Amino acid sequence: MTPPIQPPTPIPSPARPAEPPLAVVGIGADGWAGLAGPAREALLAAEVVIGAPRQLGLLPPEVTADRVEWPSPLRPAVPGLLAAHAGRAVAVLASGDPFHHGIGRALAETVGAGRLRVLPHPSSLAYACARLGWPQEDTEVVSAVGRPVERVAAALHDGRRLLVLSADAATPAAVAALLRERGYGPSELHVLERLGDGTRERHLRGTAETWDEAPGDPLNLVAVACRRAPAAPRLGAVPGLPDTAYEHDGQLTKRHVRAATLAALAPAPGELLWDVGGGSGSIGIEWMRAHPACRAVAVERDPVRAGRIARNAHALGVPGLAVATGAAPGALAGLPGPPDAVFVGGGLTAPGVLDACWDALPEGGRLVANTVTLESEALLARWYGHHGGELVRLAVASAVPVGGFTGWRQAMPVTQWSVTKATTTHPGTGVTS
1 MTPPIQPPTP IPSPARPAEP PLAVVGIGAD GWAGLAGPAR EALLAAEVVI
51 GAPRQLGLLP PEVTADRVEW PSPLRPAVPG LLAAHAGRAV AVLASGDPFH
101 HGIGRALAET VGAGRLRVLP HPSSLAYACA RLGWPQEDTE VVSAVGRPVE
151 RVAAALHDGR RLLVLSADAA TPAAVAALLR ERGYGPSELH VLERLGDGTR
201 ERHLRGTAET WDEAPGDPLN LVAVACRRAP AAPRLGAVPG LPDTAYEHDG
251 QLTKRHVRAA TLAALAPAPG ELLWDVGGGS GSIGIEWMRA HPACRAVAVE
301 RDPVRAGRIA RNAHALGVPG LAVATGAAPG ALAGLPGPPD AVFVGGGLTA
351 PGVLDACWDA LPEGGRLVAN TVTLESEALL ARWYGHHGGE LVRLAVASAV
401 PVGGFTGWRQ AMPVTQWSVT KATTTHPGTG VTS
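Residue numbering for the sequence shown follows full-length UniProt numbering, beginning at 1 and increasing consecutively.
The structure is reproduced here in structure tokens:
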């Protein structure tokens, strides 16, 4: 009998060599002199060092690696630049602590945290708190590096301490101007230049309302001890800002209903809201003020109102609120998503709006819709009957003069439907939703 033909034994492919660790070295304004032994060793052993021009200029001649500057914009360039030097010993320079508003996040997202060998240096934030005697855990940090300085406005509360990471030498004056415009002119201002650089450090003091210092060193940090002027409006940290905080034409979810609406939407850090029928933008704005990581898109068909939403967002410290100009449901196509929550404040009876919003939500997503008309209320009642959730009527009355006395003036009641989307089977129908 002829023995069966055996298939050839596969030849194993040679193991692909593992990429060498990527050294991430924090460096301060004092440069090489301020680096500990392991950080120096990592740079001396590197074949390529990537960093900003200022950081690369701090290295001595004995660091013989190829020096590569980060391009601008930096974040999209990270994968390609690392791939161009694959297989080589690469070190990346970072300002201070790479994982505190630094390059560390982008590197970990690109190559994975397991490949990084991180050697941090005291950050400018640590130096600033040490110089001022401010506990770091009680001090809020706002970055103006590559971001609008208007973000500072959301952190303004009487008695609060802020550290603002500066983009350049013009940032201190921009922060002082913003504080004056927002009613925080009495705030104490500190500009700390070249922190950690020994005798080259400089500490400027003043108040926002009297600040007239010429631009100094671009390597600076702004510290603010917030003081609200007596006549300035008080804007709290929870939903329900005064209606007067908004520029509007009457198309505004009023304060008490707004607070109830945000409670139903329940924003959490990092979540995305679609605010459909944005009006003056109040729901999206207060969603984003709930936490710095919250994101929102306001959809508004009227270009004039869309511009008003953007102005309100800048004034109230959330310039990152995106505004899509167009009518729903068509304007919902192409929005970032899926959304974690959707609020519908206008256009409920337009064909397909609720359907499109519902379809965009993932399982566990929330939808909240408000209306004051009977036609829209009937629509919400039908959806409530099909999907469940909670249907409530919100009524608010305000005390007003009645002759020489005082009486109640009732605002139009608001019907609100709120629901969390779940995959369920409706009895007797076999229909899932």
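Idealized CB from N, CA, C, for every residue including glycine. Given the structure is predicted, the values throughout are model-derived calculations rather than measurements.
Q) A130 and V145: beta carbons closer than 8 angstroms? A) Here residue 130 refers to the residue found at position 130 when the sequence shown is read from its first residue. Here residue 145 refers to the residue found at position 145 when the sequence shown is read from its first residue. Not a contact, by the Cβ cut-off of 8 angstroms.
Q: Look at the alpha carbon of L93 and the alpha carbon of L132, and state the distance between them as a whole number of angstroms.
A: Stepping through the sequence shown from its first residue, residue 93 is reached at position 93. Stepping through the sequence shown from its first residue, residue 132 is reached at position 132. A direct Cα-to-Cα measurement between L93 and L132 gives close to 27 angstroms.
Q.
Quick check: the Cα distance between E201 and P319, rounded to an integer number of angstroms?
A. Residue 201 sits at position 201 when you count from the first residue of the sequence shown. Residue 319 sits at position 319 when you count from the first residue of the sequence shown. For the pair E201 and P319, the Cα-to-Cα distance works out to about 32 angstroms.
Q.
To test your reading of the DSSP string, which unbroken beta strand (DSSP E) runs of 3 or more residues are found completely within the segment 20-47?
A. Fully enclosed beta strand (DSSP E) runs of no fewer than 3 residues occupy 22-27 of the segment 20-47, in order along the chain.
Q) If we ignore side chains and look at the alpha-carbon of each, how far apart do R227 and G183 end up? A) The residue given as residue 227 occupies position 227 in the sequence shown. The residue given as residue 183 occupies position 183 in the sequence shown. In this structure, the straight-line span from the alpha carbon of R227 to that of G183 is close to 9 angstroms.
(Q) Using a 10 Å radius around the Cβ and a threshold of 16 neighbouring Cβ atoms, would you call P79 buried or exposed? (A) For the purposes of this step, residue 79 is identified with residue 79 of the sequence shown, where counting begins at 1. Result: exposed.
Q. Roughly how many angstroms separate the alpha carbons of R255 and L241, rounded to a whole number?
A. Position 255 of the sequence shown, counted from the first residue, corresponds to residue 255. Position 241 of the sequence shown, counted from the first residue, corresponds to residue 241. Distance between the alpha carbons of R255 and L241: 6 angstroms.
**Q.** Residue of Q55, A113, L59 minimising C-alpha distance to P21
**A.** As a position in the sequence shown, residue 21 is number 21, starting the count at 1. If we check each option's Cα against that of P21, A113 comes out closest.
Q.
Could you check if R151 belongs to the surroundings of the ligand ADP, using beta carbon to heavy atom distance under 7 angstroms?
A. The ligand ADP is not among the ligands present in this structure, which contains no ligands whatsoever.
Q. Where does T199 sit, in a helix, a strand or coil, going by DSSP?
A. Stepping through the sequence shown from its first residue, residue 199 is reached at position 199. In this structure, DSSP gives T199 a helical state, which the three-state scheme calls helix.
Q: Determine the closest residue to S72 out of G51, D66, P239, with distance taken between C-alpha atoms.
A: One-based indexing of the sequence shown puts residue 72 at position 72. Cα-wise, what sits closest to S72 is G51.
Q. For R205, does the three-state DSSP call read helix, strand or coil?
A. The residue labelled residue 205 in the question sits at position 205 within the sequence shown. Residue state, collapsed to three classes: strand.
Q.
So for A397, helix, strand or coil by DSSP?
A. In the sequence shown, residue 397 corresponds to position 397, counting from 1. When DSSP states are grouped into helix, strand and coil, A397 belongs to the strand group.
Q. Where does T253 sit, in a helix, a strand or coil, going by DSSP?
A. Indexing the sequence shown from 1 puts residue 253 at position 253. Three-state result, T253: coil.
Q) Between the C-alpha atoms of L380 and H387, what's the straight-line distance to the nearest angstrom? A) Here the question's residue 380 lines up with position 380 in the sequence shown. Here the question's residue 387 lines up with position 387 in the sequence shown. Approximately 10 angstroms between the Cα atoms of the pair.
Q. Under a three-way DSSP split, which group does V111 fall into?
A. By one-based count along the sequence shown, residue 111 stands at place 111. Secondary structure of V111 (DSSP, three-state): helix.
Q) To which residues of the same chain is G337 closer than 8 angstroms at the C-beta, ignoring the five residues directly before and after it? A) Translated into positions along the sequence shown, residue 337 becomes position 337. The residues are L272, W274, A360.
Q. Hey, would you say residue 435 sits closer than 8 angstroms to L192, going by beta carbons?
A. There is simply no residue 435 to check, as the chain begins at 1 and stops at 433 in what is shown.
Q: Please state whether DSSP places L332 in a helix, a strand or coil.
A: One-based indexing of the sequence shown puts residue 332 at position 332. In the structure shown, L332 sits in a helix (DSSP, three-state: H, G or I).
Q: Would you mind stating whether V400 and A411 have Cβ atoms separated by less than 8 angstroms?
A: To locate residue 400, count along the sequence shown from 1; it is residue 400. To locate residue 411, count along the sequence shown from 1; it is residue 411. The beta carbons of V400 and A411 sit no closer together than 8 angstroms.
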